[in-house]
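Here's the structure we're looking at; comments come further down.
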Amino acid sequence: MHSKNLKAATKCVHAGTISDPVGNGVNSPIIPSSATRFLDLEDNVYPRYFNTPNQNAVASKLCALEQGEAGLILSSGMAAISTVFTTLLKPGDHAVIQDQIYGGTYFFVVNELEKLGISYTLVKGSALDSFESAIRPNSKLIYFETPSNPLLKIYDVRGIASLARNHQLLSIIDNTFASPINQNPLTLGVDVVMHSGTKYLGGHSDLCFGALITSGELQQQFRKTAINWGGSLDAVTCYQVERSLKTLSLRVHRQNENAMYLANALDQHTGVRAVYYPGLKHHPNHHLACEQMNGFGGMLSFELANEGSAVSFCKRLKLVAPALSLGGVETIISIPCLTSHIKMSAQERLAAGISDDLLRLSVGIEDPEDLLADLVAAMD
Ligand SMILES: *Cc1c(COP(=O)(O)O)cnc(C)c1O
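In this text, residue positions in the sequence shown follow our numbering: the first is 6, and each later residue adds one.
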């Protein structure tokens, strides 16, 4: 059966699997060779050419999940992001970029683009007008991310994609927070989907990779650049990724449910001043989230009512680990002003709505009652 007709949970398990003529196993074999016979092949197979069987297996599974034509698997999310910018932009070009983006992307933009003679505008807020007024005659692309980090703001995927198209620009989305289970931007008109696979796709906080899913034509352009930068992924990690992806749908559905449960419970708790979660009816973009997402995701943030208590609260947690990263099966908590947003000045953080009391929760797959009990116990 063609995988296009299958549902996401089935694609997670089956799409892209390589046949195993030697072992007759149901799993893809791991094929680690970096030297391959060339006489019978059109294309030289080599890990840094992004065309080994295990790389292709992961790319195929992610293509099936994101409903894209072609994919590229890289050694990190940042390898994917730097490939996007350096493929699509040349000296003299301009890029339109959302201001509340992942810290690593922000630092790539402010530290590297100028050196390459590329200018950019960081767009404040999520209004389409703000994106439109940032477009210049030499603009080539719009880069954005939704839900945003750490306040879970929702940007209009369809609106930004059509704005880009109307101005003959390419649109690129970082779809890491939503995962392909909760949001499929290619079906909403976006040109390129990027993932930090280190998060939900890997899902067990034990590996690092990145992915680009797009049209066949753009994939070829990205691959050409990526071969020069060299950020490829080895066969064993590709196999671990393939294995992780088999449970992606199960994991993310559970994470969606757990996050909704915790968001509701925290929202009603007197020890909590505010909860930011797109699944809550009072979230300012709840309706937009309902329109463009299949689930609200496993990320939420909140502020404790007791000012200045974020660090002591985290120290009292027994189950939830204060840790960096996100998207794993275990629930972890971070304090953005001390972690992801530490390089911003206090004033910049305030302007972005990131208070010193803000806590960001990456909800795992544990029993939600145990998670809530741990959070509530740490408040008292
Ligand atoms: C982690 C992350 C990245 C960067 O990915 P790496 O795999 O760490 O290079 C990019 N975007 C978002 C939203 C992330 O969370």
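Note that the Cβ used here is the ideal one computed from N, Cα and C, for glycine as well.
- Query: How close, in whole Å, do the beta carbons of residue 4 and residue 227 come, if the pair is a contact with beta carbons under 8 Å?
  - Reply: The chain is shown only over 6 to 385; residue 4 falls outside these bounds and no answer can be derived.
- Task: Please name the residue, chosen from 357, 320, 172, 279, that lies closest to residue 305 on a Cα-to-Cα basis.
- Result: 279
- Task: Assign residue 154 to one of two classes, buried (16 or more other C-beta atoms within 10 Å of its C-beta) or exposed (fewer than that).
- Result: buried
- Message: So the candidates are 175, 141, 138; which of them puts its Cα closest to the Cα of residue 149?
- Response: 175
- Residue ranges of each alpha helix (DSSP H) run of no fewer than 4 residues wholly in the segment 12 to 36, ordered along the chain? 13 to 19
- From residue 374 to residue 126, what does the alpha carbon distance come to, in whole angstroms? 44 Å
- Residue environment, residue 192, which counts as buried when at least 16 other CB atoms sit within 10 Å: exposed
- Item | Residues near residue 123 by beta carbon distance below 6 Å, same chain, minus five either side | 94, 98
- Query: For residue 42, does the three-state DSSP call read helix, strand or coil?
  - Reply: coil
- Query: Nearest to residue 254 by alpha carbon, out of 295, 334, 291, 230?
  - Reply: 334
- Item | Range covered by the beta strand (DSSP E) that runs through residue 308 | 304 to 309
- Task: Could you check if residue 235 is buried or exposed, using at least 16 other CB atoms within 10 Å of its CB as the buried criterion?
- Result: exposed
- Could you spell out where the alpha helix (DSSP H) holding residue 71 opens and where it closes? 58 to 71
- Message: Please list the terminal residues of the continuous alpha helix (DSSP H) segment that includes residue 266.
- Response: Note, residue 266: alpha helix (DSSP H), 253 to 273.
- Grab the span of the beta strand (DSSP E) containing residue 90 for me, first residue to last. In the DSSP assignment, residue 90 falls outside any beta strand (DSSP E) and lies within the alpha helix (DSSP H) extending over 82 to 93.
- Report the residue ranges of all beta strand (DSSP E) runs contained in full by the segment 161 to 215; include only those spanning at least 3 residues, in chain order. You should have 175 to 179, 197 to 201.
- Cβ-based neighbour list, residue 383, same chain, cut-off 6 Å, excluding 5 preceding and 5 following: 318, 321, 322
- Query: For the beta strand (DSSP E) that residue 130 lies in, which residues bound it at each end?
  - Reply: That residue, residue 130, is in no beta strand (DSSP E); it is neither H nor E in DSSP.
- Are the segment 19 to 26 and the segment 52 to 70 touching by the rule of at least three beta carbon pairs closer than 8 Å? yes
- Taking 7 Å as the cut-off, does the CB of residue 244 come closer than this to any heavy atom belonging to ligand 1? no
- Cβ separation of residue 301 and residue 283, assumed to be a contact under 8 Å, to the nearest whole Å: 5 Å
- Item | Other residues of its chain near residue 290: CB distance less than 7 Å, five sequence neighbours each side excluded | 158, 159, 283
- Task: Mind checking who residue 149 pairs with in its DSSP beta bridge?
- Result: 178
- State the DSSP-derived secondary structure class of residue 54, mapped to helix, strand or coil. helix
- Pairing CB atoms from the segment 244 to 254 with CB atoms from the segment 126 to 135, are three or more of them under 8 Å? no
- Message: On a Cα-Cα basis, can you pick out the residue from 37, 15, 16, 55 that is closest to residue 225?
- Response: 55
- Are residue 70 and residue 185 touching if we call contact CB-CB under 8 Å? yes
- Taking the continuous alpha helix (DSSP H) assigned at residue 317, which residues delimit it? 315 to 321
- Item | Cα-Cα separation, residue 231 to residue 12 | C-alpha of residue 231 to C-alpha of residue 12: approximately 31 Å in a straight line.
- Item | Beta-carbon gap between residue 212 and residue 181 smaller than 8 Å | In this structure, the beta-carbon distance from residue 212 to residue 181 does not fall below 8 Å.
- Going by the CB atoms, is the gap between residue 187 and residue 261 shorter than 8 Å? yes
- Which partner residues does residue 367 have in the DSSP bridge list? Answer is 304, 337.
- Distance between residue 360 and residue 316 (C-alpha atoms, nearest Å): 13 Å
- Whole-angstrom distance between residue 177 and residue 197, CA atom to CA atom: Looking at the two C-alpha atoms, the distance is approximately 5 Å.
- Message: Taking the straight line between their C-alpha atoms, what separation do you get for residue 14 and residue 312?
- Response: 43 Å
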